[in-house]
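Engineer:
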Amino acid sequence: MKVSTLAERNTSEKGRRAATASHAAMVERKTSEEKRVKAGKQVKAVRLDEVPPYCYAALGMSAEEGALEAVKALQITHAADALGLLWQLRRVAAPADQDDGAELPGTRSLLAKLRLLRRECQKRRLASIAAESQVDAMTRRVIQAEAKVALIAAGAIDPDWAVFLDLAGVTLDEAGNLCGIDAAIERLRAAKPFLFEGKA
C-alpha cells in the first residue's frame, strides 16, 4: 500500500486545478470565437490601398479618417480591419451609393440605350435560334420526302417503307441533292430484300 505525502497530494491537486483551469480557458476561447463568428463581426484584414474610394469618399472622408472613425465607433485596434469593415458595410448596406456614374450628364440616357440594346440583342438571339430550329425541321422533311422518291426509284414496293431507311448519314448539299441516300438504300436492300421484290 502506497502512502502519499501531503506535498504529493498538494502537487497533484494543483496539477488538477491547473488542468481544469486551462481546459476552461480553452473552452471559453472557443465559445467566444464561435459567438464572434456567428455575430458576423469577424472582418477580413485588408490594406488601405485595397479599399475602393467609395467606401469613405461618400462620407466625405479620406481613407485614414474613415479608418479612424470606424476604430472609434467599433473599438477595433487595427485600422485596416476597421476600413475593411467599413468597406463591407457600405457594400451591403448602400449599393445605390456605389453608382458613381449616375451623376454624370448623359449617363442615364446611355444606360437606358444600353439596356434597350441588350433586350433587342436577346430578342434577335431567340429569333435566330427559332429560325435555325425551323430550318433543321424543314431539312429533315425534305430529306424524308426525297428518300421516299429515291426508294421508289430503287424498286421498293411501298414508299412508306422509307421509315426503315437509316437517314443518319444522309444530307442535303447546297444544290438540294441528297448525299448518301444510295448507300442507305443498299444497306436496306441487303437487310430486307423482300421490300424490293416488286421490281427486282
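In this text, residue positions in the sequence shown follow the working numbering: the first is 207, and each later residue adds one.
For every residue, glycine included, the Cβ atom is placed at its ideal position computed from N, Cα and C.
Between which two residues does the alpha helix (DSSP H) harbouring residue 380 extend?
Structural biologist: Residue 380 sits at position 174 when you count from the first residue of the sequence shown. No alpha helix (DSSP H) holds residue 380; DSSP gives it neither H nor E.
Engineer: DSSP state of residue 301, grouped into three classes?
Structural biologist: Locating residue 301 in the sequence shown gives position 95, where the first residue counts as 1. Residue confidence is low: residue 301 scores 49 on pLDDT, short of 50, so the model does not pin down where it sits. Its coordinate-derived value is still stated next. Of the three classes helix, strand and coil, the one that applies to residue 301 here is helix, per DSSP.
Engineer: Measuring CA to CA, which of 321, 347 and 393 is closest to residue 378?
Structural biologist: Counted from its first residue, the sequence shown places residue 378 at position 172. It is 347.
Engineer: Counting C-beta neighbours from all protein chains within 10 Å, is the total for residue 355 16 or more, i.e. buried, or is it exposed?
Structural biologist: Here residue 355 refers to the residue found at position 149 when the sequence shown is read from its first residue. The residue in question, residue 355, is exposed, as its Cβ has fewer than 16 Cβ neighbours within 10 Å.
Engineer: At the level of alpha carbons, what is the spacing between residue 390 and residue 383?
Structural biologist: Position 184 of the sequence shown, counted from the start, is the residue given in the question as residue 390. Position 177 of the sequence shown, counted from the start, is the residue given in the question as residue 383. Whole-angstrom Cα-Cα distance: 15 Å.
Engineer: Give the single residue among 388, 338 and 321 whose Cα lies nearest to the Cα of residue 374.
Structural biologist: The sequence position of residue 374 within the sequence shown is 168, counting from 1. Of the listed residues, the one whose Cα sits closest to residue 374 is 388.
Engineer: Are residue 376 and residue 397 close, meaning C-beta to C-beta below 8 Å?
Structural biologist: Counting from 1 along the sequence shown, the entry for residue 376 is found at position 170. Counting from 1 along the sequence shown, the entry for residue 397 is found at position 191. In this structure, residue 397 does not lie closer than 8 Å to residue 376 by Cβ.
Engineer: CA-CA distance, residue 350 and residue 368?
Structural biologist: Residue 350 sits at position 144 when you count from the first residue of the sequence shown. Residue 368 sits at position 162 when you count from the first residue of the sequence shown. Taking the straight line joining both Cα atoms gives about 8 Å.
Engineer: So what does residue 327 bridge to, in DSSP terms?
Structural biologist: Position 121 of the sequence shown, counted from the start, is the residue given in the question as residue 327. Answer by DSSP bridge pairing: none, since residue 327 is not bridged.
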